[in-house]
Each structure stands twice: as C-alpha cells, then as structure tokens.
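First up is the structure itself, then whatever we jot down about it.
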Amino acid sequence: MQRTADIFLNLFVPLGLGVLLYLLPLPALLRNYVPDALWAYACTSAILLIWDRSPHRGWLLFLFLSFVLFEALQKTGLVAGTADPGDVLAYFLAAGLALFLNPYFQFKTNNTQL
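Per numbering that gives the first Met the number 0, the sequence shown starts with residue 0, numbered consecutively.
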C-alpha cells in the first residue's frame, strides 16, 4: 500500500464519514459517539503516520491525555460542547483500534511492490 493510500484510508475517510454522520438524521447513539470515534481514529492514525507507523509512547500518552483534557475542558465550559464520559470511551476504543490495526498498515506500507 502506498503512503498516499494509507493517508487517504486512515485520515480522510474517517473524517469524511464523521462529517457525513453529522449531516444525516441518525439515532442519537450514532450521531453522538461514532463521529467522535472516527475523529479519534484519524487523529491516532495521523500520529502513527507521522512517526512512520512506529508508535512512540510519549506521543500516544499525550494523545490519550488530550482526549480526557478535551472532555474536562468541556465540563468546565472553557470549550464548547457537552462533557460526556461516553465520548472518552469512544475516543479510547477508536484509538485502540488504530493501534491494533497499525501492524497491518505498517506491513502493507513497507511491503509495497513498485
């Protein structure tokens, strides 16, 4: 898999689907959590792509702390939105999925036939 395809599949597709889900009349569960999960998946994938799919613990820790901080700032009113522990769960599950799939995409990217 070429890097361009990797970026498209793991960044632009999830972000595009997230935007689309906000525009469609969907049940609250899908509308409230799935776009957040897609955003977290894309964000985690971006960090992995920046580091050539070699996870750096410091950046991953920063990312997971950012997920929690974002919701905490919503709770205090410093960031617009509704603080919800379900959002943090969605972020963590999606980031976990990106990390779980990382070896597959790393293998596909490193073993592309020219």
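Glycine included, each C-beta is placed from N, C-alpha and C at the ideal position.
Close Cβ partners of residue i (< 6 angstroms) along its chain, the five nearest in sequence each way excluded
i: Asp35; result: Asp86 and Ala89
i: Ala93; result: Ala36, Ala39 and Tyr40
Residue i versus residue j - alpha carbon distance
i: Phe66; j: Phe99; result: 18 angstroms
i: Gln1; j: Asp83; result: 37 angstroms
i: Phe104; j: Ser53; result: 11 angstroms
i: Leu48; j: Leu29; result: 27 angstroms
i: Pro24; j: Val18; result: 12 angstroms
i: Leu96; j: Trp58; result: 16 angstroms
i: His55; j: Phe11; result: 22 angstroms
i: Gly80; j: Asp51; result: 33 angstroms
Residues of its chain near residue i, where Cβ-Cβ distance is below 7 angstroms and the 5 sequence neighbours each way are ignored
i: Leu16; result: Leu37
i: Val78; result: Phe69 and Leu72
Coarse secondary structure for residue i, derived from DSSP in three states
i: Ser53; result: coil
i: Pro24; result: coil
Contacting residues, own chain, Cβ-Cβ under 8 angstroms from residue i (five flanking each side not counted)
i: Lys107; result: Met0 and Asp5
i: Asn110; result: none
Those runs of the alpha helix (DSSP H) which lie wholly inside the segment 58–110 and span at least 4 residues: 84–109
Cβ contact check for the segment 41–51 and the segment 1–12: 3 or more pairs under 8 angstroms: yes
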